[in-house]
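Q: What follows is a single structure, and I will ask about it in a moment.
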Amino acid sequence: MDQQQMIDRQKHIRNFSIVAHIDHGKSTIADRILELTHTVAERDMTNQLLDTMPLERERGITIKLNAVELHYHAKDGETYIFHLIDTPGHVDFSYEVSRSLAACEGAVLVVDAAQGVQAQTLANVYLALDNDLEIVPVINKIDLPSAQPDEVKKEIEDMIGIDASNAVLTSGKTGVGIPELLERIVHDIPAPTGDVEAPLKALIFDSKYDNYRGAVLSVRLFDGTVKVGDQIQLMSTGKTYEVTEVGVMSPDAQPRPMLMAGDVGYLAASIKTVQDTRVGDTVTSATHPVAKPLEGYRQIQPMVYSGMYPVENAKYGELREALEKLQLNDAALEFTPETSQALGFGFRCGFLGLLHMDVVQERLEREYDLDLIMTAPSVDYHVITTDGKTHVVDNPADMPDPTTIKEIQEPYVKAEIMVLSDFIGAVMELCQRKRGDYVTMDYLDKYRVSIVYEMPLSEIIYDFFDELKSSTKGYASLDYDLVGYRASDLVKMDILINGEPVDALSFIVHKDFAYQQGRDITAQLKTTIPRQQFEIPIQAAIGNKIIARTTVKAYRKNVLAKCYGGDITRKRKLLEKQKAGKKRMKAVGNVEIPQEAFMAVLRTNEEETHDR
Amino acid sequence: MAAAYIHIPFCEHICYYCNFNKVFIQGQPVDEYITRLLQEIKLVRAQYPDEPIETVYIGGGTPSALTPAQMDRLLAGVNDLLPLPAGGEFTVECNPNNLLTMDLLHVFRDHGVNRLSVGVQSFDDAVLKKIGRTHRAADVYTAFKNARAAGFENMSMDLIYRLPGQTYDNFADSLRQAVSLDLPHYATYSLILEQRTVFWNLMRAGKLNLPNDDVEADEYELAMDYFSQHGLHQYEISNFAKPGYESVHNKKYWQNEDYFGFGAGAWGYLDRDRYHDFGPIQQYLKPLRSNHVPVFARQLVSPEEQMEEQMFLGLRMNAGVDRQRFAQRFGLTIENVYGQTVPQLVSQGLLTDDGGHVALTKRGRFIGNDVFEKFLLPDTTLRD
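Residue numbers (the numbering used here), protein chains in the order written: chain G, 1241 to 1852; chain S, 25 to 408.
Structure below.
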């Protein structure tokens, strides 16, 4: 391809992503676009095609980014090259959204015709506007009887400040409006610019580990070209590699001779070291490197920390390898080794939120066949000791001696909750209970209000979102941002099992709630820890003071009465099952503690489960 | 020396707790079953012509559901194909309501049956009704009176505790009545909920109210004490006998020795080969019609599994596991295989070890599964 051909080709490229609130129909619209552009044969079409992880399909969410190339024959007779980048929609994954947006010139904003603009819609659309993207508004699910497209148009104009008069009305379900949307993508979203002759400058917005090709990078080229055999450099490390493969996803990997400025595709270069492929890094030419890397990526910070331990200590190395591989695909995941007296060797992991934590845990268990113990999530505390030093503590077990603590500060967030006015009372009650400070409340229209509170992050990460949903019949939406650290009256609560403090069960709690929490958690542990051969006292303590106590009674009989007339295999299976069950538990002292117990602090509000 | 187990999978009624291989007898090809069963014994015996038989146990199902004529034909065939040495234990399982007349008892007597095991389960008519039994407490007395009149003396009865509707006192009363019959052998089992039973389905629907596990432990302790006070020593987790009346046949299982299994769904264990026959009647009959053994599956038991079984079966007996026998059989001592497991369990008060035998303590018997589990070797679960 000569330079003129490349410039001509570039004019026909459209890079865009779809932003939406969770459940507003982003994945179904993507599915319809793939169908209409014949990217996928009808027989291969499955729902949520871009969500390739089983977990994504099961939960109906998008976790990993997917960038596909499509060819669209427009009404003007030209064929356009679309690069569609699917994005996650959950509050935990807004960083992933920001990465995909940086690779685009435009965004399709999908708003549910019945539910209207939600907090998450706003958050994502602001990210898109920050990146100077051209927004194509789409009002989806117009087939619903409760659809109110005109009201939603007005909302988009009032709340986002973009012209929605020509919003495309679609139904991902029936396919209505999708042809018009494709035309609008061609006309409204600008073609990429970028000098094909300049040195290579490309952005890594995702990466996946592949056993054969090493790290496979998803890249957006801003300048230059790249082809097999080129020497490239990753700017953050300065390391150089030889490119072994370039191509596009369509939606399966299709190798191409080259990628050029404006393209979105993948690149493999036998990159073996996991740590070298940081998402957000710039790829350049090793022989003619650019002077400055690309800007625009926000450094992401984990919000929530949890200890992750293999149930069997011998699997520590496997867990490390698995985390390293997950980290390759998940720039938001952080981990550092830590040791617990109770649990042995493990890792302190940082996550974006609880869903992110859940997803990582499930992937480790499913894809890497690891049995894990997770400790209750914690946030980063700033502890100022009497000697004037500030300690960053993300594990309650590391809290300094209480007599040396001058002050404990905890992270606060600004939480914006959007809800129907009927539920104002319920939301405010909940926020007050979670130690929130009222900031403001604005009516967005006759029915909907935006309520803003500043509240401790630790209160948000536990069960706030679930409680919010249940106290508002599911209508509330939540978005939050870190606003800084504030001093709080916090104490460390220790849990003693059979007289021994279990470091992995310690947690930080506000003094006013300590007694209630102590009672709740001991009660919860009583139902979670199975009866064993001896009586097990469970105590909650602050310093040396026991504030709550309960007991798991000993079981007295556990023996199979009968031998089944020579069928020894059944007896064997029963014993093996019993043994396997204990494998899922961690022996602390001589008490077997099941996995769930370490998360008990999260469930103190749930109804008591049945006793064993 | 091997034991022989023979399975009769027919019942006149189906009890709510039972998930053994069994079918309602009405309309079943019982006569053909007996013919094929004897044919199976003949076929298998031809493979092991020199293996002497030490005990025969006919279980079910309900063997006593057969008519006297059918029983006569079965027992004649068994005696012919599986001759026992003089005094060899020959047991038939019976329901009390099949012993209300003398007919079957005379057939047993004529063919050398010398031990009866009777499924009594409870002496409370309300409880019996609730668990799907059709006999009543009064029938039990008649049955044993008849059996004694026919000359039977070595007899056992089964009792079940932790039954729905049963209280501690109610079980204590059944125990008292049972022991008042002065049998030389008793077995008492706690209810096990099994899939494919009425109780299982009731439990799943949340409609099965069972005594809690503390009551179960109290009942077990009561049984141990009460039998012991009446000269019936415990010799296995669930079995009690006067001296000299321990079941020779059942001890074979716990000592991990060889046994033949004949009949639909029966399990056998011969020289490392564990096998079981087809369970469904027609599938069992079909291969025999063309003179093939009706074995559904075979598995070669690995030496590791044999060692595990030697331990967790042997420990069921109060006599425990014979160290010397273990070493002779496997060429390794218990310590070679299990390291510090035995001393650790001794220090926890769950095992005794006199150098010759390793056995459960009384406390160990209550939580035997916790002890048995310790004798599973590390990768057992991966092996199958």
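Note that beta-carbon positions come from the ideal geometry of N, C-alpha and C, so glycine has one too.
(1) Please list, in chain order, the chain S residues whose beta carbon lies closer than 8 Å to that of I1808(G).
(2) Is it buried or exposed, M25(S), if we count other Cβ atoms within 10 angstroms and call 16 or more buried?
(3) Verify whether the separation of the beta carbon atoms of I1258(G) and V1348(G) is less than 8 Å.
(4) What is the DSSP secondary structure of D1313(G), counted as helix, strand or coil?
(5) Bridge partners of I1691(G), per DSSP?
(6) Please classify G1821(G): does DSSP put it in a helix, a strand, or coil?
(7) Give, in chain order, every unbroken run of the alpha helix (DSSP H) that is at least 4 residues long and sits entirely within the segment 1461-1549 of chain G.
(8) Would you mind listing the beta strand (DSSP E) stretches within the segment 1562-1607 of chain G that are 3+ residues and don't spill past its ends, in chain order?
(9) Indicate whether the contact test is met: 3 or more Cβ pairs, each with one atom in the segment 1653-1672 of chain G and one in the segment 1680-1693 of chain G, closer than 8 Å.
(10) What in chain G is Cβ-close to E240(S), meaning under 7 Å?
(11) Verify whether the separation of the beta carbon atoms of L256(S) and L199(S) is less than 8 Å.
(12) Determine whether the beta carbon atoms of R322(S) and Y299(S) lie at a separation below 8 Å.
(13) Run the CB neighbour count on K386(S), radius 10 Å, all protein chains shown included, and call it buried at 16 or more, exposed below.
(14) Under 8 Å, with one C-beta from each stretch per pair, do the segment 1706-1713 of chain G and the segment 1611-1626 of chain G reach the 3-pair mark?
(15) Which residue or residues does DSSP assign as beta-bridge partners of L1730(G)?
(16) Output the distance between the C-alpha atoms of L1499(G) and F1256(G), rounded to the nearest integer angstrom.
(17) Starting from E1669(G), trace the alpha helix (DSSP H) both ways and give me its first and last residue.
(18) Can you name the residues of chain G whose CB is closer than 7 Å to the CB of G392(S)?
(19) With a cut-off of 8 Å, do at least 3 Cβ pairs link the segment 31-51 of chain S to the segment 1635-1649 of chain G?
(20) Are there 16 or more other CB atoms within 10 angstroms of the CB of L1409(G), so buried, or fewer, so exposed?
(21) Quick one: grab the DSSP three-state call for S271(S).
(22) From L374(S) to R220(S), what distance separates their C-alpha atoms?
(23) Taking Cβ-Cβ distances below 7 Å as the criterion, which residues of the segment 1811-1826 of chain G are in contact with chain S?
(24) Look at the Cβ atom of L1583(G), then the Cβ atom of I1613(G), and state whether they are nearer than 8 Å.
(25) Can you look up D1326(G) in the DSSP assignment and give me helix, strand or coil?
(26) Identify which residue in P1385(G), V1519(G), E1391(G) has its Cα closest to the Cα of Y1449(G).
(27) For T1898(G), which of helix, strand or coil comes out of DSSP?
(28) Quick one: list the residues of chain G neighbouring A262(S), beta-carbon separation under 8 Å, in chain order.
(29) In chain order, what residues of the same chain lie with their CB nearer than 6 Å to the CB of E1740(G), ignoring the 5 residues before and after it?
(30) Inspect the CB distances between the segment 1588-1602 of chain G and the segment 1542-1554 of chain G and report whether three or more fall short of 8 Å.
(31) Cβ atoms of P1432(G) and Q1581(G): under 8 Å apart, would you say?
(32) Considering Cα atoms alone, identify which of A171(S), E332(S), Q352(S), F390(S) is closest to T365(S).
(33) Determine the direct distance from the alpha carbon of K310(S) to that of S326(S), and round the result to whole angstroms.
(34) Look at the alpha carbon of E260(S) and the alpha carbon of A1840(G), and state the distance between them as a whole number of angstroms.
(35) Helix, strand or coil for I1811(G)? Go by DSSP, reduced to three states.
(36) Using a Cβ-Cβ cutoff of 7 Å, what residues of the segment 1770-1785 of chain G are near chain S? List them in chain order.
A: Taking the coordinates as given:
(1) By Cβ distance, chain S contributes Y277, W291, Y293, R298, E333, L337.
(2) Exposed is the call here.
(3) Contact: yes.
(4) Checking the sequence shown, residue 1313(G) turns out to be His, not Asp. In this structure, H1313(G) counts as strand in the three-state DSSP scheme.
(5) Per DSSP, the beta bridge partners of I1691(G) are I1657(G), M1681(G).
(6) In the structure shown, G1821(G) sits in a helix (DSSP, three-state: H, G or I).
(7) Fully enclosed alpha helix (DSSP H) runs of 4 or longer: not present.
(8) Inside the segment 1562-1607 of chain G, DSSP marks whole beta strand (DSSP E) runs of 3 or more residues at positions 1574-1580, 1584-1591, from first to last along the chain.
(9) A contact exists between the segment 1653-1672 of chain G and the segment 1680-1693 of chain G.
(10) Ordered by position in chain G, the residues that pass the 7 Å Cβ test against E240(S) are K1797.
(11) The answer is no: Cβ separation not under 8 Å.
(12) Against a cut-off of 8 Å, the Cβ pair of Y299(S) and R322(S) comes out as a contact.
(13) Classification of K386(S): exposed, given that the 10 Å Cβ count is below 16.
(14) Contact fails between the segment 1706-1713 of chain G and the segment 1611-1626 of chain G, because fewer than three Cβ pairs, one in each stretch, are under 8 Å apart.
(15) The partner list for L1730(G) (beta bridge, DSSP) reads H1750(G).
(16) Taking the Cα positions, L1499(G) is about 17 Å away from F1256(G).
(17) Its alpha helix (DSSP H) spans residues 1664-1673.
(18) The contacting residues are V1799.
(19) These segments do not touch.
(20) In the assembly as shown, L1409(G) is a buried residue. Its beta-carbon has 16 or more other beta-carbons within 10 Å.
(21) The answer is coil: DSSP assigns S271(S) none of H, G, I, E or B.
(22) Approximately 34 Å, taken between the alpha carbons.
(23) Result list: L1815, E1816, Q1818, K1819, A1820.
(24) It is a contact, given that the beta carbons lie within the stated cut-off.
(25) D1326(G): strand per DSSP, three-state reduction.
(26) It is V1519(G) whose Cα lies nearest to the Cα of Y1449(G).
(27) Examination of residue 1898(G) is not possible in this model, given that chain G is present from 1241 through 1852 alone.
(28) It should be noted that the sequence gives Ser, not Ala, for residue 262(S). Ordered by position in chain G, the residues that pass the 8 Å Cβ test against S262(S) are A1801, K1802.
(29) Answer for E1740(G): G1829, listed in chain order.
(30) Short answer: they touch.
(31) No, the pair does not count as a contact, with Cβ atoms beyond the cut-off.
(32) When only C-alpha atoms are compared, the closest one is E332(S).
(33) Spanning the two alpha carbons is a distance of roughly 31 Å.
(34) Answer to the nearest angstrom: the Cα atoms are 41 Å apart.
(35) It should be noted that the sequence gives Lys, not Ile, for residue 1811(G). Per DSSP, reduced to three states, the secondary structure at K1811(G) is helical.
(36) Per Cβ criterion, the list reads Q1773.
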